[in-house]
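For the sequence shown, my numbering gives the first residue as 7, with consecutive numbering after it. Don't be surprised by glycine CBs; every beta carbon is placed ideally from N, CA and C. I have placed the structure first, in the form of structure tokens, so that the comments after it can refer back to it.
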Amino acid sequence: MSLIVKLPSLIFSGQESPLSVISKSVGITGTFDTGANLDVDTSAEVLTSTDFDTTQGVMITADSDNSGVVYIGNSDVDAGATDATSGIPLSAGESLFFSANNPSSIYVIGSAVNQKVYWLAV
Numbered sequence: 007m008s009l010i011v012k013l014p015s016l017i018f019s020g021q022e023s024p025l026s027v028i029s030k031s032v033g034i035t036g037t038f039d040t041g042a043n044l045d046v047d048t049s050a051e052v053l054t055s056t057d058f059d060t061t062q063g064v065m066i067t068a069d070s071d072n073s074g075v076v077y078i079g080n081s082d083v084d085a086g087a088t089d090a091t092s093g094i095p096l097s098a099g100e101s102l103f104f105s106a107n108n109p110s111s112i113y114v115i116g117s118a119v120n121q122k123v124y125w126l127a128v
């Protein structure tokens, strides 16, 4: 069973990225990796091609300026079109942490083109 935690919108200031601030605030130590998908469109696509084995999981944050919703799921995620494959929705500024072995096994799709997501693998 995987643990899924949807975090409320967070406000960040300064020049640091949201994931940098979050990784410091939760006291992450050891090996972790971060990245972004800055062009999530309306067809399912892999979150990242980065191959990184996690020990805890992956956190994904939707950009606070996104105009649409980003859905997180398997390769068949379909942005809420079908009950079985609709994925987990993330509105602008929301975050999701869940147990996953590798960020490259996660897929994203947007309800609109040009959405952005940031990820942290621990």
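Below 8 Å on the Cβ atoms is my guess for residue 101 versus residue 66; work out the distance and round it to an integer in Å. Confirmed, Cβ separation roughly 7 Å.
Can you find the residues in the same chain that come closer than 6 Å, C-beta to C-beta, to residue 74, ignoring five residues on each side of it along the sequence?
116, 117, 118, 121
Given a cut-off of 8 Å on the beta-carbon distance, is the pair residue 58 and residue 109 in contact?
yes
Environment of residue 44 [buried if 16+ CB atoms lie within 10 Å]
exposed
At which residues does the beta strand (DSSP E) containing residue 68 begin and terminate? 64-68
> Could you give the residue range of the beta strand (DSSP E) that holds residue 43?
Replying inline: Start and end: 39-46.
Kindly indicate which three-state DSSP category residue 109 falls into: helix, strand or coil? helix
* Excluding the 5 residues preceding and the 5 following residue 97 in the sequence, name in chain order all residues of the same chain whose CB lies nearer than 6 Å to its CB. => 75
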